[in-house]
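Notes follow once the structure below has been shown.
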Amino acid sequence: MTTQFHDNILSADALDQLFNEARTYNGWHDKDVSEAQIQKIYDLLKMAPTSANMQPVRLVWVRSEEEKAKLAEMASDGNKDKIRAAPVTVIIGYDIDFHEELPWLFPHADAKSWFEGDEEGRKEGAARNSALQGAYLIMAARAIGLDCGPMSGIDLDEVTDEYFGDDPKVKADWVCSIGYGDPSTIFDRSPRPDFEKFNRVV
Numbered sequence: 431m432t433t434q435f436h437d438n439i440l441s442a443d444a445l446d447q448l449f450n451e452a453r454t455y456n457g458w459h460d461k462d463v464s465e466a467q468i469q470k471i472y473d474l475l476k477m478a479p480t481s482a483n484m485q486p487v488r489l490v491w492v493r494s495e496e497e498k499a500k501l502a503e504m505a506s507d508g509n510k511d512k513i514r515a516a517p518v519t520v521i522i523g524y525d526i527d528f529h530e531e532l533p534w535l536f537p538h539a540d541a542k543s544w545f546e547g548d549e550e551g552r553k554e555g556a557a558r559n560s561a562l563q564g565a566y567l568i569m570a571a572r573a574i575g576l577d578c579g580p581m582s583g584i585d586l587d588e589v590t591d592e593y594f595g596d597d598p599k600v601k602a603d604w605v606c607s608i609g610y611g612d613p614s615t616i617f618d619r620s621p622r623p624d625f626e627k628f629n630r631v632v
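When we follow my numbering, the leftmost residue of the sequence shown carries the number 431, and every step to the right adds one.
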């Protein structure tokens, strides 16, 4: 039997939407992001791979005016207005005790035992894999027609205390505003390196 391989390459328009023409936005049009759209973003990002399906990301979607104002006060001066104006800003955190969920998330093996007694190893795995999930979040938002403005200029200890304070094993890592970006607020695109600059094929 001959194995059939299919070149299921996305269209040029789709690749532009996800990568080539996508930008980091600093300002937003006054158009809402619905809870249904938030749910769709999550339903897409959760399907992407994490090690042993650990799914360590923990997300808080800051959408109300009251909570946006509160979160903005935790941000650096250059990011306050971005958060206030965005329809929603998601806090990307990670759960150091993700392994407690592995019996149902990864039922193929006793994966929980791989991480018990090794909190430093869990921190490393949670940070790496939640960062992946944050990247998946950006791509999922772009895929459904939204724009993103990721930020790290914020007091993460304060964010952790405020939004994850009831679970000491969850830490905030960064935030990302999501909405319909205002093109007048973006900078000229910064240089991108050619393949030969940072790559080797061996």
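C-beta: ideal position from N, C-alpha, C; glycine also.
Which same chain residues end up closer than 6 Å to residue i when comparing Cβ atoms and leaving out the 5 residues on each side of it in sequence?
i: Ile-522; result: Gly-564, Asp-603 and Trp-604
i: Cys-606; result: Val-520, Cys-578 and Pro-580
i: Asp-591; result: none
Identify whether residue i lies in helix, strand or coil by the three-state DSSP scheme.
i: Gly-611; result: strand
i: Pro-580; result: strand
i: Ala-539; result: coil
i: Ala-478; result: coil
i: Lys-383; result: There is no way to answer for residue 383, as the model of the chain reaches only from 431 to 632.
i: Phe-528; result: helix
i: Lys-465; result: Lys is not the amino acid found at residue 465; the sequence shown has Glu there. In this structure, Glu-465 counts as helix in the three-state DSSP scheme.
i: Pro-621; result: coil
i: Asp-597; result: coil
i: Asp-460; result: coil
i: Glu-546; result: coil
i: Ile-616; result: coil
Apart from the five residues just before and just after residue i, which ones in its own chain have a Cβ nearer than 8 Å to its Cβ?
i: Gly-555; result: Ser-481, Met-484, Pro-486, Phe-528 and Phe-545
i: Gly-551; result: Phe-545
i: His-459; result: Gly-609, Tyr-610, Gly-611 and Asp-612
i: Glu-530; result: Lys-542
i: Asn-438; result: none
Pull the bridge partners of residue i from the DSSP assignment, please.
i: Gly-523; result: Arg-488 and Ala-602
i: Val-518; result: Ile-608
i: Ala-454; result: In the sequence as presented, Ala is not what sits at residue 454; that position holds Thr. Answer is Cys-578, bridged to Thr-454.
i: Ala-505; result: Ile-584
Quick one: give me the first and last residue of the alpha helix (DSSP H) that residue i is part of.
i: Ile-439; result: Taken as a continuous stretch (DSSP letters only), Ile-439 belongs to no alpha helix (DSSP H), as it is neither H nor E.
i: Leu-448; result: Where Leu-448 is concerned, there is no enclosing alpha helix (DSSP H), given that its DSSP letter is neither H nor E.
i: Val-589; result: 586-594
i: Asn-386; result: Because the chain in this structure spans residues 431 to 632, residue 386 falls outside the shown range and cannot be described.
i: Phe-628; result: 625-628
Leaving out the 5 sequence neighbours to the left and right, which residues in its chain are closer than 7 Å to residue i when beta-carbon positions are compared?
i: Asp-525; result: Pro-486, Arg-488, Ala-556, Lys-599 and Val-600
i: Asp-462; result: Pro-517
i: Ile-584; result: Met-504, Ala-505, Ser-506, Asn-509 and Val-605
Taking contact to mean at least 3 C-beta pairs separated by less than 8 Å, is the segment 441-449 in contact with the segment 494-511?
-> no
Quick check: the segment 613-620 against the segment 473-493, are there 3 or more CB pairs under 8 Å?
-> no
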